[in-house]
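Engineer: 76 is the number that our numbering gives to position 72 of the sequence shown; each next residue is one higher, with no gaps. Below is the structure I would like to discuss, written out as structure tokens.
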Amino acid sequence: MIMKGKKGIVLGIANKRSIAYGIANACREQGAEMAITFLNDRFETKLAPIAEDLGCAQRLYRCDVSKPEEITALRASIAKDMGEIDFIVHSIAFAPKEGLSGRFIDIPKDAFEIAMNISVYSLIEVVRELKPVLSDNASVLTLSYYGGAKYIPNYNLMGIAKATLEMTVKYLAEDLGKDGIRVNAISAGPIKTLAAAGIGEFGFILKWNEANAPLKKNVSIHDVGNSGMYLLSDLSRAVTGEIHYVDSGYNVMGMPAVEFDENNKPSLVWKG
Ligand code: NAP
Numbered sequence: 005m006i007m008k009g010k011k012g013i014v015l016g017i018a019n020k021r022s023i024a025y026g027i028a029n030a031c032r033e034q035g036a037e038m039a040i041t042f043l044n045d046r047f048e049t050k051l052a053p054i055a056e057d058l059g060c061a062q063r064l065y066r067c068d069v070s071k072p073e074e075i076t077a078l079r080a081s082i083a084k085d086m087g088e089i090d091f092i093v094h095s096i097a098f099a100p101k102e103g104l105s106g107r108f109i110d111i112p113k114d115a116f117e118i119a120m121n122i123s124v125y126s127l128i129e130v131v132r133e134l135k136p137v138l139s140d141n142a143s144v145l146t147l148s149y150y151g152g153a154k155y156i157p158n159y160n161l162m163g164i165a166k167a168t169l170e171m172t173v174k175y176l177a178e179d180l181g182k183d184g185i186r187v188n189a190i191s192a193g194p195i196k197t198l199a200a201a202g203i204g205e206f207g208f209i210l211k212w213n214e215a216n217a218p219l220k221k222n223v224s225i226h227d228v229g230n231s232g233m234y235l236l237s238d239l240s241r242a243v244t245g246e247i248h249y250v251d252s253g254y255n256v257m258g259m260p261a262v263e264f265d266e267n268n269k270p271s272l273v274w275k276g
């Protein structure tokens, strides 16, 4: 039991298809105890059975990260019910839909600010507010996507947010290293979730990745969950500031996958 004796908080479970659920589930299977959060009243009832499943029916807390008072209240709940915690999973992102399709140059300023606040600044704020309840050797994990490193069609505003998130991971890792706190990100391959449904032509991205990744398959929330569990566990105690790809190897490709015919003539694997 790799996570036996570890306690943590998981932000960003919307349903059982959420990446955060995959991570929470992997941690639970390895003996961790946890608390999870919900965004608002609508999600409280939806998340109750999931909390039950994860063994934390009594530790289901409200936290909309755009409301600083809810992050402060989260710290108080953790202190009261759990004492200290050993890990934080930040699996949250949001961008208004006008930032996720159309021309990049047309992104409105207010959409830009919302995406940065919810998807990036919230990581800094959550870690700062929860720092007093973090144990020595605590581990923080957030979620990124390749669209923050390279151009991906329609990812537009979220690409900028993920690039900023990845640098935030590195600066936070340096700053908190002296306190023994590690900060890492997983850059996950595309997965059909609620958040992904907001990205224009997401089905095309899924097919493209499957055809062109070295492993020729898309990743699941369980793949990301197991890698996430490793980054939250002591197995990775010398790893910090890392952007760890869990994407069937897609990020190493310098051009789309090709196959060769009997005359050694290349053609694209995916004809579209
Ligand atoms: P998801 O299930 O929809 O999870 C996104 C979560 O963010 C939801 O629980 C959502 O809550 C929460 N959230 C949004 N605004 C919030 C706020 N103001 N306060 C608190 N929580 C808020 O989708 P997901 O794909 O698992 O996304 C999790 C993370 O993985 C995101 O950072 C995403 O960018 C990243 N990621 C996803 C993929 C992919 O292909 N799916 C790939 C790489 C990285 P509500 O649903 O309750 O609004």
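All C-beta atoms, glycine included, are put in the ideal place defined by N, C-alpha and C.
Specify whether the stretch 237-249 and the stretch 206-219 touch according to this definition: at least 3 beta carbon pairs, one from each stretch, less than 8 Å apart.
Structural biologist: Too few Cβ pairs lie closer than 8 Å, so no.
Engineer: Contact defined as beta carbons within less than 8 Å: I believe Ala30 pairs with Leu58. What is the distance between those atoms, to the nearest angstrom?
Structural biologist: The residue you call residue 30 lines up with position 26 of the sequence shown. The residue you call residue 58 lines up with position 54 of the sequence shown. With a Cβ gap of about 11 Å, Ala30 and Leu58 do not count as contacting.
Engineer: At a threshold of 7 Å, does Asp140 count as lining the ligand NAP (C-beta to nearest heavy atom)?
Structural biologist: By 1-based counting over the sequence shown, the position of residue 140 is 136. No, Cβ of Asp140 sits at least 7 Å from all heavy atoms of the ligand NAP.
Engineer: For Arg66, which residues does DSSP report across the bridge?
Structural biologist: Taking the sequence shown and counting its residues from 1, one reaches residue 66 at position 62. Its beta-bridge partners are Phe42.
Engineer: Out of Val223, Ala97, Thr172, Ser143, which one is the CA nearest neighbour of Ile195?
Structural biologist: Working through the sequence shown from its first residue, we reach residue 195 at position 191. Per the Cα distances, Val223.
Engineer: Ile128: which of Lys182, Ile209, Glu170, Arg241 sits nearest, CA to CA?
Structural biologist: Start at 1 with the first residue of the sequence shown, and residue 128 comes out as number 124. For Ile128, the nearest C-alpha among the options comes from Glu170.
Engineer: I'd like to confirm the pairing. Which residues does DSSP put opposite Leu291 in its beta bridges?
Structural biologist: Only positions 5 to 276 of the chain appear in the structure, and residue 291 is not among them; the question remains open.
Engineer: Which same chain residues, not among the five before or five after Phe98, have their C-beta less than 8 Å away from its C-beta?
Structural biologist: Residue 98 sits at position 94 when you count from the first residue of the sequence shown. The answer, listed in chain order, is Ile118, Ala119, Ile122, Ser123, Ala199.
Engineer: For the stretch 9-41, list the beta strand (DSSP E) runs that are entirely contained and at least 3 residues long, ordered along the chain.
Structural biologist: Listed in chain order, the complete beta strand (DSSP E) runs (minimum 3 residues) inside the stretch 9-41 are 11-15.
Engineer: Between Pro157, Gly229, Val256, which lies nearest to Phe208 when the distance is taken from Cα to Cα?
Structural biologist: Position 204 of the sequence shown holds residue 208. Looking at the Cα atoms, Pro157 is the closest of the given residues.
Engineer: Could you check the C-alpha separation between Lys221 and Ser191 for me, to the nearest Å?
Structural biologist: As a first step, residue 221 must be located in the sequence shown, where it is residue number 217. As a first step, residue 191 must be located in the sequence shown, where it is residue number 187. Rounded to whole angstroms, Lys221 to Ser191 spans 16 Å at the Cα level.
Engineer: What span of residues does the alpha helix (DSSP H) with Phe116 cover, start to end?
Structural biologist: As a working mapping, residue 116 is identified with position 112 in the sequence shown. 113-120 is the span of the alpha helix (DSSP H), which, as asked, contains Phe116.
Engineer: Helix, strand or coil for Arg132 per DSSP?
Structural biologist: Numbered from its first residue, the sequence shown carries residue 132 at position 128. If DSSP states are grouped into helix, strand and coil, Arg132 belongs with the helices.
Engineer: Considering only C-alpha positions, which residue in the set Leu138, Tyr149, Glu73, Asp85 is nearest to Ala61?
Structural biologist: Working through the sequence shown from its first residue, we reach residue 61 at position 57. Answer by Cα proximity: Asp85.
Engineer: Hey, which residues come within less than 5 Å of the ligand NAP, measuring from Cβ to any heavy atom, in chain order?
Structural biologist: Taken from the N-terminal end onward, the list reads Gly16, Ala18, Ser22, Ile23, Leu43, Phe47, Asp68, Val69, Ser70, Ser95, Ile96, Ala97, Phe98, Ile122, Leu147, Tyr149, Ala192, Pro194, Ile195, Thr197, Leu198, Ala199, Ala200.
Engineer: Based on DSSP bridge pairs, tell me the residues matched to Ala189.
Structural biologist: As a first step, residue 189 is located in the sequence shown; it is residue number 185 there, counting from the start. According to DSSP, which records beta bridges pairwise, Ala189 is partnered with Thr146, Ile247.
Engineer: What three-state label does DSSP hand Phe264 in the structure shown?
Structural biologist: Position 260 of the sequence shown, counted from the start, is the residue given in the question as residue 264. Residue state, collapsed to three classes: strand.
Engineer: As a quick exercise: from Gly181, Leu104, Met259, pick the residue whose alpha carbon is nearest that of Phe206.
Structural biologist: As a first step, residue 206 must be located in the sequence shown, where it is residue number 202. When only C-alpha atoms are compared, the closest one is Leu104.
Engineer: In or out: Leu161 buried (at least 16 other Cβ within 10 Å) or exposed?
Structural biologist: Translated into the one-based positions of the sequence shown, residue 161 becomes position 157. By the 10 Å Cβ count, Leu161 comes out buried.
Engineer: How would you label Thr49, buried or exposed, when you count the other beta carbons within 10 angstroms and need 16 or more for buried?
Structural biologist: Locating residue 49 in the sequence shown gives position 45, where the first residue counts as 1. Result: exposed.
Engineer: Just the Cα atoms here: how many angstroms apart are Ala24 and Tyr249?
Structural biologist: Your numbering for residue 24 matches position 20 in the sequence shown. Your numbering for residue 249 matches position 245 in the sequence shown. Cα to Cα, Ala24 sits roughly 16 Å from Tyr249.
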